[in-house]
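For the sequence shown, our numbering begins at 685 and goes up steadily by one.
Input: a single structure, listed below in structure tokens.
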Amino acid sequence: MAYAYDDQNVFAKILRGEIPNRTVLETEHTLAFQDIAPKAPHHVLVIPKGRYVTADHFALEASEAEIVDFTRAVGEICRKLGVQPGEGGAGFRTISNAGSDGVQEVPHYHLHILAGRNLGPMVPHG
Ligand code: AMP
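Shown next, in the form of structure tokens:
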């Protein structure tokens, strides 16, 4: 079954400039901005500019240029935030929710970068 991309999702509107965002980084294929409801002192969302729904969709169908650009952007944001464990930072967590079991709210692929406090267990028990 092919992925159906919804052009009316909120991140598509951000990419079209229809609603504002607090940009952290913009590159040729990637946009990163502050989450509107931060779950940690640092909460950045990284999205590809292309029409990808989930992490697997992006991983399987994006071009190598898009994948490299996105991955480098994640590193660049960690550097900007000063959270790189190898550089004296206290670390971070990346999360990507997909589909109904992943409890994905916005159907445009995004990676959450959370940092600035101890983030506790990876997922709740149960
Ligand atoms: P997910 O559950 O992984 O799909 O997460 C969607 C995220 O998008 C949530 O953390 C929301 O707070 C965030 N969000 C929704 N609308 C906006 C917006 N207009 N600007 C920034 N972040 C948003």
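Even for Gly, the Cβ is constructed at its ideal location relative to N, Cα and C.
All values derive from a computational prediction rather than experimental measurement.
Determine whether the beta carbon atoms of residue i and residue j lie at a separation below 8 Å.
| i | j | result |
| --- | --- | --- |
| H651 | I731 | For the chain, the structure presents residues 685 to 810; residue 651 sits outside this window and is missing. |
| G773 | G783 | no |
| H794 | L729 | yes |
| I716 | I779 | What sits at residue 716 in the sequence shown is Ala, not Ile. Cβ distance not < 8 Å, so A716 and I779 don't count as in contact. |
| N693 | V787 | no |
| Y687 | V752 | no |
Looking only at DSSP bridge pairs, what is residue i linked to?
| i | result |
| --- | --- |
| I698 | In DSSP, I698 forms no bridge with anything. |
| R777 | L798 |
From the options, pick the residue whose C-alpha is nearest to that of residue i; which is it?
| i | options | result |
| --- | --- | --- |
| Y689 | L715, T714, A716, G734 | G734 |
| V811 | E789, V758, V694, S780 | There is no way to answer for residue 811, as the model of the chain reaches only from 685 to 810. |
| T711 | V787, C762, R777, F754 | F754 |
| T714 | E750, I698, F742 | E750 |
Runs of beta strand (DSSP E) wholly within the segment 702-760 (minimum 3 residues, chain order): DSSP runs (the beta strand (DSSP E)) wholly in the segment 702-760: 707-710, 714-718, 726-732.
Any 3 or more C-beta pairs closer than 8 Å across the segment 799-810 and the segment 695-708: no
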